[in-house]
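Per my numbering, the very first residue in the sequence shown carries number 8; after that it's consecutive.
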Amino acid sequence: MDDGTGQGQERLRFTVLGPVRAWRGETALAAGSPQQRALLAALLLRGGRTATAAELVDALWGDEPPHAALAALRTYASRFRKALGPDADALVSESGGYAIRSTDGQPLDLDHDQAEQYAAEAEKARTAGDLSRARELLDRALDLWDGEPLAGLPGPYAETQRTRLNEWRLSLMETLLELDLELGSHAEAVSELTALTAAHPLRERLRELLMLALYRSGRQAEALAVYTDTRKLLDDELGVDPCASLSELQQRILRADTDLDAPPVISDGRDATGRVAVRPQQLPASVADFTGRAAFVAELGDQLATAEGSVMAVSALTGIGGVGKTTLAVHVAHAAREHFPDGQLYVDLQGAGHTPSSPEAVLGAFLRSLGIPDPSIPDGLAERSALYRSTLAGRRILTLLDNARDAAQVRPLLPGTEGCAALITSRARMIDLAGAHLIDLDVMSPEEALALFTRIVGEERVNSERQAAMAVVGACGFLPLAIRIAASRLAARRTWTVSILARKLADERRRLDELRAGDLAVKATFELGYGQLEPQQARAFRLLGLADGPDISLAAAAAILDLDIESAEELIESLVDASLLESAAPGRYRFHDLVRLYARDCAERDEEPSSEREAALSRLLDFYLATAARMYALERPGDRLVDHMEPTGYPGLQFTDRPEALQWLFGEARCLLACAQQSTTPQALRRAVDLLLLTLDLAESSADSHQYEQANMSLLAAARELGDQRAEARLHTSLTNVHTLAGRLDEADAHAQSAMLLGLATEDAFASSNAPNDRGIIAGIQQRYEDAELYLSQARAAFRDDRNEQSEASALCNLARVHLGTGRVESAIKLAQEGIGIYRKLGATRRLANGMYSLGLALTRAGRLNAARQQLSEALVIFQENRQGFWEGMTLLRLGEIELGDGHPAQAAEHAEQALKALRIVGGERWRADTLTLLGRALHSIGHTGRARVCWQEALPIYEQLGSPESRQVQALLSPVHVS
């Protein structure tokens, strides 16, 4: 604020929820000695009321004040008034005492008062049902705390107030955690509640919330163990039983009371953490000339409106291809948007094609659209489906599942919660989809068909040739798709009459009289539309239909057509205008499945020479490969894979930074993996394999891991059939990583062994150097240290021969872990530091995190816990920024081990809970067992022995099934001697 003199007059502000401090604007003021700050706190916490000298003496010294207490008070007051400078009037002297008041008529700027205001507003918001707003306000209140309140202040008043403020803070935290549970963030709350119950073991409300959070996270045995631990603790410490509410919760958990399930909440546009939620708006555009189907529109509209009640509305539209299922569904969905304010999801399930979309891949895309970050998307259909339903709980979202193959494909994609709805289109009648409202969509009535034709062509042309128009729509079989294509062709030919169109369509039908009636009408219409295309349009139509994948970007389409972006866009948009291609989103296009099949038929029939088809798909593969190579080079500078990949004849995209490159990768994942999977010819196979190696991030981040593994397996079969050992070697290398991430170490080692043998046989520098590195990693995990050191030494030498510095750094860091396993701690530290030095020299930020992870392990073993904690904490930030969920979980696990070793079991348990969440999402059972074992150790150390035992009991069968030596350690932990 300007005071009129040109000098900015900044307000005073004070803090007591931590050290007692004073500022003018951003300038700290001298608050004086501890006694002087104790005086300041006593005045600040009186809300502007005057404190008498006697009250202040008692506050500072209690029953034993010094002889010159009053003089000391005056001295403190004088010093502070001097420190206030131009704001000295804020310290008021009256009635023999003192007060602090604002000098500008505004409320005093005190963190305590702000926290009170936030807490009061949060209570109002909660009462009004706005839980997310209440949580946000409580978060703000708690953020004002800065450590111990009134830190370091002497005197009885400061001690009393410190106790009060600590209790208030704990109460606010309890309320915040209650809101977390009401908002569905039970899994996230477990780690904090575990730490809080360790810090406040006799606080039963925290134990109650922890039991509920565990139960809602599917951890019923641990929830019951919390009660057992609490009952024993209360009996040992106080000689009392748990409170009634805690005992009642135990009984309700035992009988699986459904009322304990996470309650639905009224959506207010925020997610369960209180952040603004993503509202997906994915519906394709509704056609402007939608015609007819009034009864179906009303029926479906009424059905979707019921979703606002207590049920989930599911409607399934069935009919032959081209009958207008999608057009009707999209039209109805747009009309029903007001009932679904939290958004609309859409997917083409490609059920009529050769490779229908897997529910797991679709759920990954849906979860990303709903704002779930890639590291938080689990690996596995059941887990993704559960997270999807949890994310939709309390929200009103419409899901349009277009072109479904069958009920089995659809079931995992249903929201499963009241307030949501699903609209399904399929050629198969969904009689086995429980609770679905089934609608059979037939061809249009003659009147509806004529009305649609008229809306596109124009009344003037149709009215003068009504009989010919009826012949046209009849020739189209009254199928909307066929009518739309025929009418679009006539609308673009102003010199044609309707009669001319009718005669041409009849001729096409005679040429195709061997087809079934439904397909006959559609294909005849396709032939007519295709036959009227200009040569360049016809070529584009044929070639674009060759690419697998749900849709295609403009840049990828330009590669197929071998055109610049502007020319490709103009050509493609002309196909959209002709109703032969759909605009899925700005810059993205897709075919109706029937049109795609027809386009492929045309490509096989009309492309001369046939090598043009292969050349088009080759350009698409080159585009993806070249773009992925640029992304990889940004992610891993100095890595030689880009030098060992097959050459490309078509350029890719350029990126300005790493985030842009990663965004492209995850946005194009389904399309580029589909491209790789279909590239099984001898000419394309090796490039497709290299594409998978360059996009390994898709396996590590989990969102597309299932499709990534499927693509690898398809190409492996092709490589074996073609006898291409080099391609096979590289695929074994890729699959080694897939299985290692999933904790399937025996399968991983088998692939790595094959990669090593084939890599040496084919003299492939990439496979022959990476395979021993992978085998060394696996052997180290399995504690086969002699084998591990041999393999890693081979890998290091091979990387050196290949001048692959980044991979050499990787081998050094892996070797460091082997040295740790054999007790050579100092050499392990040196190896890890050497690897980190290489990463830093290359600017390989992301791989640097892996080096820091290895160094953190070595420093932990050396007992240098603070240094280890720093390395791992920095690595954790890098992994999180790069969506590396697996490594995020592993780093949290190691941080938990440090905290346990440093005597902080509560913090160790908190880290272990966070690691458990990350590794449940991406990673295998092996890593989850490691985390459960650590969690059990930490819980046992804080007295939660029953819950610790549950964790170990869950880890033991995993280790036993894997044949891991850790099973003996867990058996020892479960022995009566240890548990007692």
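Quick reminder that beta carbons are idealized off the backbone N, C-alpha and C, glycines included.
These numbers come from a predicted model, not from an experiment.
In whole angstroms, what separates the C-alpha of residue i from that of residue j?
| i | j | result |
| --- | --- | --- |
| L356 | D409 | 6 Å |
| A456 | E621 | 40 Å |
| H739 | A749 | 15 Å |
| A913 | S322 | 50 Å |
| R751 | R901 | 21 Å |
| R436 | G328 | 13 Å |
| E973 | E123 | 51 Å |
| Q887 | A955 | 28 Å |
| S433 | G358 | 8 Å |
| C820 | R88 | 60 Å |
| R737 | S712 | 18 Å |
| E71 | A79 | 14 Å |
| N857 | A865 | 13 Å |
| I572 | A635 | 19 Å |
| R500 | D449 | 30 Å |
| L290 | H119 | 48 Å |
| E841 | A925 | 29 Å |
| L701 | I567 | 21 Å |
| L47 | D150 | 22 Å |
| D753 | S776 | 20 Å |
| D9 | M180 | Below a pLDDT of 50, predicted positions are generally treated as unreliable, and D9, at 40, falls in that range; the measurement from the model is reported next regardless. Rounded to the nearest angstrom, the two C-alpha atoms are 39 Å apart. |
| A441 | T362 | 25 Å |
| S948 | L245 | 20 Å |
| A6 | L186 | Since the displayed the chain opens at 8 and closes at 987, residue 6 lies outside it and no answer follows. |
Is the beta carbon of residue i sitting closer than 7 Å to the one on residue j?
| i | j | result |
| --- | --- | --- |
| A813 | G970 | The question names Ala, but residue 813 is Gln in the sequence shown. Against a cut-off of 7 Å, the Cβ pair of G970 and Q813 comes out as no contact. |
| H786 | D809 | A small correction: the amino acid at residue 786 is Ala; His does not occupy that position in the sequence shown. Taking 7 Å as the Cβ cut-off, A786 and D809 do not qualify as a contacting pair. |
| S586 | S495 | yes |
| A681 | G556 | yes |
| C958 | L981 | no |
| T204 | L217 | yes |
| A126 | A141 | no |
| I905 | L872 | yes |
| A724 | A734 | no |
| R868 | V832 | yes |
| L157 | R169 | yes |
| A757 | A774 | no |
Based on Cα-Cα distance, which residue from the options lies nearest to residue i?
| i | options | result |
| --- | --- | --- |
| S365 | L883, E716, S40 | E716 |
| G552 | L151, L604, I379 | L604 |
| L200 | E189, L190, E215 | E215 |
| D65 | E920, T34, L77, S376 | L77 |
| Q148 | Y395, C483, L117, D704 | For clarity, residue 148 is Ala in the given sequence; the question names Gln instead. Answer by Cα proximity: L117. |
| N173 | R491, L184, W152, L188 | W152 |
| A294 | L497, A35, S590 | A small correction: the amino acid at residue 294 is Val; Ala does not occupy that position in the sequence shown. Measuring from the Cα of V294, the nearest candidate turns out to be S590. |
| A458 | F297, K511, L497 | F297 |
| D96 | L160, L19, G103 | L19 |
| Q968 | R933, R300, G950 | R933 |
| D558 | G674, A545, R510 | G674 |
| H651 | E895, E770, Q790, L624 | E770 |
| L679 | G910, L648, L628, P964 | L628 |
Would residue i be called buried (16 or more neighbouring beta carbons within 10 Å of its own) or exposed?
| i | result |
| --- | --- |
| R473 | exposed |
| G401 | buried |
| P983 | exposed |
| H338 | buried |
| S392 | buried |
| L799 | buried |
| E466 | exposed |
| Q690 | exposed |
| Q714 | buried |
| N744 | buried |
| L51 | buried |
Does any heavy atom of the ligand SAH sit closer than 6 Å to the C-beta of residue i?
| i | result |
| --- | --- |
| G896 | For the structure depicted, the ligand SAH is absent and the ligand set is empty, with no information on it obtainable. |
Considering only residues of the segment 380-430, which uninterrupted alpha helix (DSSP H) runs meet the minimum length of 4 residues and lie entirely inside it, listed in chain order? 388-399, 414-417
Residue ranges of each alpha helix (DSSP H) run of no fewer than 4 residues wholly in the segment 886-966, ordered along the chain? 892-908, 912-928, 932-948
In the segment 583-640, which residue ranges form an unbroken beta strand (DSSP E) of at least 3 residues, counting only runs that do not cross its ends? 589-592, 595-597
In chain order, each alpha helix (DSSP H) run of at least 4 residues that lies wholly inside the segment 761-800: If only uninterrupted alpha helix (DSSP H) runs of at least 4 residues are considered, those enclosed by the segment 761-800 are 772-788.
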